[in-house]
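Reading through the structure tokens given below for one structure.
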Amino acid sequence: MSNSMESVLSPLPGNRPVSRNTPRVFRSPPQPHMCVQDTLKGTQITCFINVMSWCKIGVPSQQNAPIPLYGGVKVPLSDRCGVSPKQVKTSKEKPLVFAVMVNPNVLKRSGKMAENPQERDGLIDLMLDFIEAMNENIKFSRNFMVLKDRDLTGELKDIWAVIQAKRDAEKIHPSQTLRDENSHPCSPQTACTPQNAKHKRSDEEGECMEASEACCQDEAASLQSEARGDS
Numbered sequence: 001m002s003n004s005m006e007s008v009l010s011p012l013p014g015n016r017p018v019s020r021n022t023p024r025v026f027r028s029p030p031q032p033h034m035c036v037q038d039t040l041k042g043t044q045i046t047c048f049i050n051v052m053s054w055c056k057i058g059v060p061s062q063q064n065a066p067i068p069l070y071g072g073v074k075v076p077l078s079d080r081c082g083v084s085p086k087q088v089k090t091s092k093e094k095p096l097v098f099a100v101m102v103n104p105n106v107l108k109r110s111g112k113m114a115e116n117p118q119e120r121d122g123l124i125d126l127m128l129d130f131i132e133a134m135n136e137n138i139k140f141s142r143n144f145m146v147l148k149d150r151d152l153t154g155e156l157k158d159i160w161a162v163i164q165a166k167r168d169a170e171k172i173h174p175s176q177t178l179r180d181e182n183s184h185p186c187s188p189q190t191a192c193t194p195q196n197a198k199h200k201r202s203d204e205e206g207e208c209m210e211a212s213e214a215c216c217q218d219e220a221a222s223l224q225s226e227a228r229g230d231s
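Note that full-length UniProt numbering gives residue 125 to position 125 of the sequence shown, counting from 1, and the numbers run on in steps of one.
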């Protein structure tokens with residue numbers, strides 16, 4: 001499988017080396033595709049999942065191969081997010097916002113405009129599994145719906161900032177981060193969660209995790225090369 005992630009950040013133009021304190025900018029940043037609304041299981045806390053299209057995420061090598069996902073991170077929600085009171089189940093708790101990145105070709109087939117709604121819902125369930133694995137104490141009710149009035153909740157710049165910070169952190173500890181966190185592929189049949197996820201893996205999940213190891217090794221090498229300043 002080819003690398004599911006390339007370099008996400010590129011230094012500002014110029015021939016001088018970029019210092020740690022120099023601002024960095026995205027190259028081909030994630031773009032909104034659809035926004036999914038759900039609630040936390042057993043509560044009325046509203047959750048929004050921003051599904052982002054990103055060409056830097058890999059595609060499955062074959063039809064039934066694991067689907068690479070990235071992110072699963074919580075995104076800060078500003079007061080200017082434009083969430084309608086009708087979309088919030090309770091005013092006591094602020095809505096939670098998450099972001100998941102998927103390859104555009106996967107979203108073209110199984111995303112918002114999928115010909116088969118069941119295929120779209122299967123991909124959404126997969127992404128919810130992924131977010132639950134990445135965030136302790138997060139469990140969704142699975143009564144989700146795709147918002148028709150918008151493809152994004154919150155500010156796009158906030159999502160970019162969270163992903164930028166995450167990628168910077170991965171450059172410091174690339175092997176550990178890539179092995180334990182976000183770049184493990186998943187499949188509609190079974191979610192391949194990080195090794196520290198607190199549930200028992202089935203044999204099928206184990207096979208999926210083994211398949212992801214090669215991908216993680218390639219990504220770690222890419223990040224280490226990037227950290228050394230190789231082009």
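Cβ coordinates follow ideal geometry from the N, Cα and C atoms, glycine included.
Query - When 138, 127 and 139 are compared against residue 69, the one with the closest alpha-carbon - result: Closest by alpha carbon: 127.
* Asked: Helix or strand or just coil, what does DSSP make of residue 147?
  -> Collapsing the DSSP output to three states places residue 147 in coil.
Assuming residue 36 and residue 146 form a contact by the criterion Cβ under 8 Å, report the distance between their Cβ atoms to the nearest whole angstrom.
About 6 Å; that satisfies the 8 Å criterion.
Worksheet item: For residue 120, does the count of other Cβ atoms within 10 angstroms reach 16, so buried, or fall short, so exposed?
Response: That one is buried.
Check: Where do the N-terminal and C-terminal ends of the alpha helix (DSSP H) with residue 118 fall, by residue?
Finding: That run of the alpha helix (DSSP H) goes 117-134.
Check your understanding: Roughly how many angstroms separate the alpha carbons of residue 190 and residue 94, rounded to a whole number?
Key -> Residue placement at residue 190 is poorly supported in this model, since its pLDDT is 32, which falls under 50; the coordinates are not used for a value here.
Beta carbon of residue 124: closer than 8 Å to some heavy atom of the ligand ATP?
Absence of the ligand ATP from the depicted structure is noted, as is the absence of any ligand whatsoever, leaving it without description.
Can you give me the C-alpha to C-alpha distance between residue 165 and residue 159, rounded to a whole angstrom?
C-alpha separation (whole angstroms): 10 Å.
Checklist entry - Looking at residue 130 and residue 38, is the spacing between their C-beta atoms short of 9 Å? => result Cβ distance not < 9 Å, so residue 38 and residue 130 don't count as in contact.
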